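In the UniProt record's numbering, the protein residues as written are 1 to 174.
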């Protein structure tokens with residue numbers, strides 16, 4: 001089992017996110033519990049290229065301070081929404097015989113959605129803990145509706161197990 005922390009970068013983590021405080025607390029807790037239980041924590045960050053808020057080498061590109069990776073933790077860089085496309089992550093997980101992935105991070109309706117669907121198509125067993133992904137309002141849905149649509153309707157029992165933080169931590173312990 002691994003904990004995959006997606007796009008929790010300074011340019012994206014802000015109080016416009018749905019359920020911001022619980023999102024921050026839950027990811028911090030999951031990272032802490034993963035490390036305590038020898039569950040590998042893997043980070044994926046998004047590089048949108050020069051001139052964007054997510055340009056490699058800029059402050060906004062860096063992982064949010066409260067979620068910082070340890071020096072021995074893997075970090076993969078992506079340029080599309082899926083954490084699996086052309087990042088080396090699929091190969092790394094295969095080399096380490098990892099099939100169970102806990103997915104957390106940003107944004108629910110963009111990179112988390114693409115990562116969940118892509119991960120399912122690669123045959124991974126996916127867990128999406130409650131309130132450990134988030135998004136902002138968009139032109140079609142407010143952030144709460146978007147969160148609920150994906151977590152409670154789209155992914156659950158189709159692509160991933162959408163379960164509580166407590167249940168996720170129990171599974172880390174087993």
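Yeah, the Cβ is synthetic: ideal placement off N, Cα and C, and Gly gets one too. As the structure is a computational prediction, the values presented were derived from the model and not from experiment.
Same chain, Cβ closer than 6 Å to residue 56, five either side skipped, listed in chain order: The beta carbon of residue 56 sits closer than 6 Å to the beta carbons of 47 from its chain, once the five residues preceding and following it are set aside; these are given in chain order.
Find the nearest neighbour of residue 132 within the set 6, 27, 114 and 69, judged by alpha-carbon distance. Minimum Cα distance to residue 132 is reached at 27.
For the pair the region 149-169 and the region 120-139, tell me if three or more CB-CB distances fall below 8 Å. Short answer: they touch.
Element boundaries [alpha helix (DSSP H), containing residue 90]: That run of the alpha helix (DSSP H) goes 89-95.
Under 6 Å Cβ to Cβ from residue 98, same chain only, skipping five residues before and after it: list those, please. Taking C-beta separations shorter than 6 Å and ignoring five residues to either side along the sequence, the partners of residue 98 in its chain run 2, following chain order.
Proximity to residue 128 [Cα-Cα], best of 60, 21 and 167: Closest by alpha carbon: 167.
Runs of alpha helix (DSSP H) wholly within the region 36-114 (minimum 4 residues, chain order): Within the region 36-114, the complete alpha helix (DSSP H) runs of at least 4 residues are 89-95.
If you draw a straight line from the C-alpha of residue 21 to the C-alpha of residue 144, how long is it? So the two alpha carbons sit approximately 14 Å from each other.
Residue 130 and residue 164 closer than 7 Å at C-beta: Taking C-beta atoms as the reference points, residue 130 and residue 164 count as a pair closer than 7 Å.
Extent of the continuous beta strand (DSSP E) run through residue 125: Segment 125-129, the beta strand (DSSP E) holding residue 125.
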